[in-house]
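Novice:
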Amino acid sequence: MQAKNNRHRLGLLFVVFAFAAFLDANREPGNAEAEFYHEVARATICLHSVMEKPSLETIQVLHFLSIYNTISGNELAGKETSMETPWSLVALAAHLAHTLGLHRDGLKWGLSADVTARRRVVFWNLFVADVWNSLETGRPPTFSLPYIDCQFPGGGSPDGNGHIDTNREVFWGSWTFRFASSCVADVAARTLTSDSPSYSTILELDRKVCNFPVPATVEEFAATASGAIPMKPADKDIGLTESVGRFVMSISREVILLYLHRSFFAQAIVENPINPLNSSYTPSFLAAYRASLTILRIVKVHYDLHPKLTAMFWPVWTYALSAAVSRVRNDRDAWPTVTYGLQLNGRAS
């Protein structure tokens, strides 16, 4: 058992090396060293079946391989970008997490505080990946909240009231996990069913997402991106971790809102192409319009701050392209926005 764990632990080390090489600002994306470590990590975890007595390292390396394939655009089969391999790796990791009982909190089993803390981090990061992959692929999520009592890293349970800890050490991770469990999971559960959700359900989910609290710094970042307030000189000097945290939190809400309203946005245009504001789906038309514009502005602000890093993550540009397409209307005023979105994609490529 120990030898097998060491093999998967070694695979985890190599995939971390792959990330380090891939994200090195002094190298070109998709460099040979990153791919070398990626292939070594894949080979290492195959030295022992991941299905037989998996460990935390087994689950972590599968999850990290999924992330690497997502950001690198290097599909295992065919060297091309798709969601199949990342989705399959996350799904496998999620099933193995059930094997280890990661959805149940370790303190109830008498595990040490250190082991319990690590289990919580591994589980909730995997939960976030699973539920977002579910929305992006249209497939059912693996985890179901009624069966989960694993506490959030830093404390708190998924059945809490959504309180955001203002401690700067935990505000980034805590918000991501809470938003995924409270909002993203609910959106997936109620929109990916075999029967299409009612419009009242969409509006209810919209209110839930919009009312979910975010840290004040994130609200300020979103307001800056929208042009409501000017950017402070100090905003350009914040650390990379906090900058990325603000970006992820800001864009997450808008992506979910665009996802919720895009079909009814289209129906509003079909119902009243001259003036969609007079259609039955005016709330969706406005929500999708605002979300798409905010996404484009947030991506631009973050690209201006961290151009190389932002350009590396192609999922960001899929959101930007979706937002640009949603802004196309039956009048010429939309075309400057579309051109603006395409220019952003061109600069990143």
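According to mature numbering (1 follows the signal peptide of the UniProt record, and there is no 0), the stretch in the sequence shown is residues -25 to -1, 1 to 324, in order. Using N, Cα and C, we set each Cβ at its ideal position, and we do this for glycine too. Treat the numbers as computed from the prediction; the structure is a model and nothing was measured.
(1) Distance, Cα to Cα, V106 vs V65?
(2) How far does the alpha helix (DSSP H) with I231 in it extend, from its first residue to its last?
(3) Does H73 pass the burial test, meaning 16 or more other C-beta atoms within 10 Å, or should it be called exposed?
(4) Where does I249 land, buried or exposed, given buried means 16+ other C-beta within 10 angstroms?
(5) Assess contact between the segment 115 to 122 and the segment 149 to 165, defined as three or more Cβ pairs (one per stretch) separated by less than 8 Å. Is contact present?
(6) Answer yes or no: do A155 and T269 have a C-beta to C-beta separation smaller than 8 Å?
(7) Tell me the residue span of the alpha helix (DSSP H) that contains V36.
(8) Hey, would you say V103 sits closer than 8 Å to L71, going by beta carbons?
(9) Decide if V90 is buried, meaning its Cβ has at least 16 other Cβ atoms within 10 Å, or exposed.
(10) Mark N100 as exposed unless 16 or more other C-beta atoms lie within 10 angstroms of its C-beta, in which case mark it buried.
(11) Given a cut-off of 8 Å, decide if A298 and V233 are closer than it, judged by their beta-carbon atoms.
(12) Under a Cβ-count criterion, where at least 16 other Cβ atoms within 10 Å of its own Cβ denotes burial, should N305 be classed as buried or exposed?
(13) To the nearest angstrom, report how far apart N6 and A286 are at their CA atoms.
(14) Cα separation between R2 and S47?
(15) Of the residues N108, S87, P115 and L77, which one's Cα is nearest the Cα of V97?
(16) Which whole-angstrom value describes the C-beta separation of R79 and T19, a residue pair presumed to lie in contact below a C-beta threshold of 8 Å?
(17) Among V15, R(-17), D124 and E59, which residue has its Cα nearest to the Cα of S30?
(18) With a CB to CB cut of under 7 Å and the five nearest residues on each side skipped, what residues in its chain are close to S227?
(19) Within 10 angstroms of the Cβ of C125, are there 16 or more other Cβ atoms? Answer buried if so, exposed if not.
(20) In this structure, does DSSP put E111 in helix, strand or coil?
(21) Within the continuous alpha helix (DSSP H) that includes A155, where are the two ends?
(22) Helix, strand or coil for R272 per DSSP?
(23) Contact check, G(-15) vs V36 under 8 Å by CB: the rounded distance?
(24) Would you mind working out which of L284, A262 and I244 sits nearest S254, comparing C-alpha positions?
(25) In terms of alpha-carbon separation, which member of N44, E10 and R221 lies closest to V276?
(26) Pull up the distance between the alpha-carbon of V274 and that of K28, whole angstroms please.
(27) DSSP on K83, reduced to helix/strand/coil?
(28) Beta-carbon of N100 versus every beta-carbon of chain D: anything under 8 Å?
(29) Which residue comes first and which comes last in the alpha helix (DSSP H) that contains Y174?
(30) Rounded to whole angstroms, what is the Cα-Cα separation between S87 and V230?
Specialist: So, from the listed chains and residues:
(1) 10 Å
(2) L215 to E246
(3) exposed
(4) exposed
(5) yes
(6) no
(7) L31 to S47
(8) no
(9) exposed
(10) buried
(11) According to the sequence as given, residue 233 is Leu; it is not Val. Taking 8 Å as the Cβ cut-off, L233 and A298 qualify as a contacting pair.
(12) Because the pLDDT at N305 is just 39, under 50, the model does not fix this residue reliably, and the value given afterwards should be weighed accordingly. With fewer than 16 other Cβ atoms within 10 Å, it is exposed.
(13) 15 Å
(14) 13 Å
(15) L77
(16) R79 to T19, Cβ: 29 Å. No contact.
(17) R(-17)
(18) F154
(19) buried
(20) helix
(21) From DSSP, A155 is part of no alpha helix (DSSP H); its letter is neither H nor E.
(22) helix
(23) 5 Å
(24) I244
(25) R221
(26) 42 Å
(27) helix
(28) No chain D is part of this structure, which consists of one protein chain only.
(29) Y174 to N186
(30) 38 Å
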